[in-house]
Amino acid sequence: MDISPIFLTITVLIVALIAFIAEWLPVDLTSLSVAVVLMLLGLVSPSEGISGFGNSATITVMAMFILSAGLTKTGILNTVRDWLIKFGGKNPSQQIFTLGMIIGPISAFINNTAVVAIFLPIVEQWSKQTKISVSKLLIPMSFLTILGGLITLLGTSTNILASGIAVQLGYKEFSIFQFTALGIPVFLIGLTYISLAAPKILPSRKPAGGESLSEDYELKEYVSEMIIPPKSSLIGQTLRSSEIQRKFDLDILEIIRNDEHFPPPLADKVLALGDILLVRGSRNNLLNIKDERGVEILADFKFNSTNLEKENNNEEEKIAEVLILSNSRLIGATLKDLRFRQRYNCTVLAIRRGQELIRERLGKVTLKFGDLLLIQAPKESFIGLQTTRELLVLEEKNREGLRQDKALISLTIIMGVILISALDIIPILSASLTGVILMVITGCLKPGEIYGTVRWDIIFLLAGLIPLGVAMDNSGTNQWLVDKLLVVGGNLSGYWILVLLYFATSMLTEVLSNNAAVVLMIPIAVKIAESMGYDALSFMYVVTFAASNSYLAPIGYQTNTMVYAPGGYKFLDYTRLGLPLTITLTLIVPLLIMKIYGI
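Quick note on numbering: the numbering used here labels position 135 of the sequence shown as 142, and the sequence is numbered without any gaps.
Have a look at this one:
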């Protein structure tokens, strides 16, 4: 018996939704698996199955990642820090408003995940200077970059993908300023609400003024000193041969011998009588090593800034927070598997995941995107950490490593891409790829850097999802869904149909991703518009804006996840601030679309 293509497609769609929500695999691998399954079932041809890799939207998104990196590598965005401090004020509402007025326009032209990565350490430092809890600022920063990304086509990969789907459906590709007339009022509405509501709704999860990292991570009970007495079995052994770090889940942070301090690496250091070891470990593990190896725990040890958090610039060691980014190879692995200490020459003291603090058995914790690692390392190690694309050190980067003499060149290239595309001289794909070549030729980026600047997880996500949209159209699934929806909502006015589309898309974004929501919903929205005699562009706009409407949870949008741990937030903090905003935009955006573009 032949199985209906519609039934097969819907089955693949449902399984894909479950896989995305359950996180069986990373989202990029899940979407690629969807494309493979569609080819195996014959729902798309092999050429259609890999069409996402050659799609203009996918290539344009890749080019925009590289162009954004050209700006960050030349340090042009770092200059706004001075504006923030000068005009930000000390009132939380004023601070959020000022922050929004700065990062909103930037997010309109630069990928918003890059903007958050740059501004995270700046805002953290700013909050300490102004004695305002960083928890009052980070969710607003994320929301405002999302809103700013809606102002132009370049602000987010969602907009570029929507333009690519429009072309596939037989419509003209969107111009750079296609959404601007709608995006600016939506941004201002969101900015006004967030500035007024966030200081009242968001709690101070982290104390104002920025207490020391050791106190913030409650490490007093997890860092101790132990001394090697005459009868200890550790005398004459190295840390490697004694295996005490592996067996007792300890990290040796420092060895003190006759007032001389030895920082990591310490694996081959021979232990001697009277050595004092500064260790991170639970009290139970310390008692176990005392009984088994004959060490003594120094009860009068005082955990303070003089023995771990060394702020003096002349000191060799320091501690800092490091955020795991979404394209990191660390995701899904453990510190032990990665040999993290050896690879980066640093020690992880604790892990923060939202408001959860993990301080025991760190080597066996499976790392996730958005995890915040508290690490201790020599200062030279932090230089290496600041250059990797997999980790973000939450402190301002040393400007000496930036190519500031190329800042004007990189800005000129970006402005040229925008101007040429806006005037429709050449397509945005051609303009953006030309910009990439110029970034390398002029020295704003080195040739080897361009590969590390691309968010390959997003590229594979787009490439894997685009065939699903093709399959839904080929099999007639889109038309079948539209027919069912028209039976339910056929008597509704155009406004309420747009409201329902906005609501459905925004809910899909929260459980999947903004890009998946666009791929699935735009073809359906266009068919509804065509069936009811409405303007299809207006329906595409409402889906595009709703797909970025991710304000209810830390998992629906990359920038929300990035600020989750640094702000010490709880899951519902997003919902408390985001739910009124979501309801407001659900009702207002369709109305604005009708007024501005007609329907």
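Note that the Cβ used here is the ideal one computed from N, Cα and C, for glycine as well.
The residue from I448, I435, V41 and P597 with its alpha-carbon nearest to that of S500 is P597. Per the DSSP secondary-structure output, S231 pairs in a beta bridge with V286. Listed in chain order, the alpha helix (DSSP H) runs fully inside the segment 446-522 are 457-460, 463-481, 484-496 and 501-518, counting runs of at least 4 residues.
In the three-state reduction of the DSSP assignment, F269 falls in the strand class.
Taking a cut-off of 8 Å on C-beta distances, the segment 418-425 does not touch the segment 47-62, as fewer than three cross pairs fall below it. Unbroken alpha helix (DSSP H) stretches of 4 residues or longer found wholly inside the segment 329-372: 342-345 and 347-351, given in chain order.
L452 and K80 have their C-alpha atoms roughly 7 Å apart. Taken in chain order, the whole alpha helix (DSSP H) runs of length 4 or more contained in the segment 545-594 are 565-571. Leaving aside the five residues that flank S170 on each side, the residues in its chain whose CB is nearer than 7 Å to its CB run, in chain order, A64, L160, E180 and F181. Counting only the Cα atoms, P147 lies some 41 Å from Q252. When DSSP states are grouped into helix, strand and coil, Q175 belongs to the helix group. The residues R396, in chain order, have a CB closer than 6 Å to that of G459 in the same chain once the five nearest residues on each side in sequence are set aside. Judged by DSSP secondary structure, D258 falls within the beta strand (DSSP E) whose first and last residues are D258 to R264.
In the three-state reduction of the DSSP assignment, T81 falls in the coil class.
Separation of the CB atoms of I242 and I235 is rounded to 6 Å, and the pair is thereby assigned contact status at 8 Å.
For P206, the enclosing alpha helix (DSSP H) begins and ends at T187 to I208.
Contact between the segment 545-564 and the segment 520-534 is present, with at least three C-beta pairs closer than 8 Å. In its chain, beyond the 5 residues on either side, V489 and L493 have a beta carbon closer than 7 Å to the beta carbon of S538.
For V34, the uninterrupted alpha helix (DSSP H) run begins and ends at V34 to L47, by DSSP. By the neighbour-count criterion, in which a residue is buried when 16 or more other Cβ atoms sit within 10 angstroms of its Cβ, F347 is buried. Between I283 and the set D266, S289 and N295, the nearest pair of CA atoms involves D266.
Beyond the five residues adjoining it in sequence on each side, L332 comes within less than 8 Å, by CB distance, of A124, F376, R396, E397, L398, L399 and M569 in the same chain, given in chain order. Contact between I172 and T484 does not hold, since the beta-carbon distance rounds to 15 Å and is not under 8 Å. Shown here, L379 sits in a strand according to DSSP, grouped into three states. Note that the C-beta distance between P112 and G155 is below 9 Å.
Only exposed fits G455, as fewer than 16 other CB atoms lie within 10 angstroms of its CB. For L399, no alpha helix (DSSP H) segment is defined; the enclosing uninterrupted segment is the beta strand (DSSP E) at L398 to V400. Selection E261, Q175, M528 and F389 evaluated against G61 yields Q175 as nearest (Cα-Cα).
In the DSSP assignment, T245 forms a beta bridge with V277.
Short of 8 Å from the beta carbon of G59, and not among the five residues preceding or following it, lie these beta carbons of its own chain, in chain order: A42, T65, L469, A470, G471, L472, I473 and P474. Taking L445 as the centre and dropping the five residues before and after it, the same chain places the C-beta of I420 closer than 7 Å to its C-beta, in chain order. When secondary structure is reduced to three states using DSSP, I432 falls in the coil class, being assigned neither helix nor strand.
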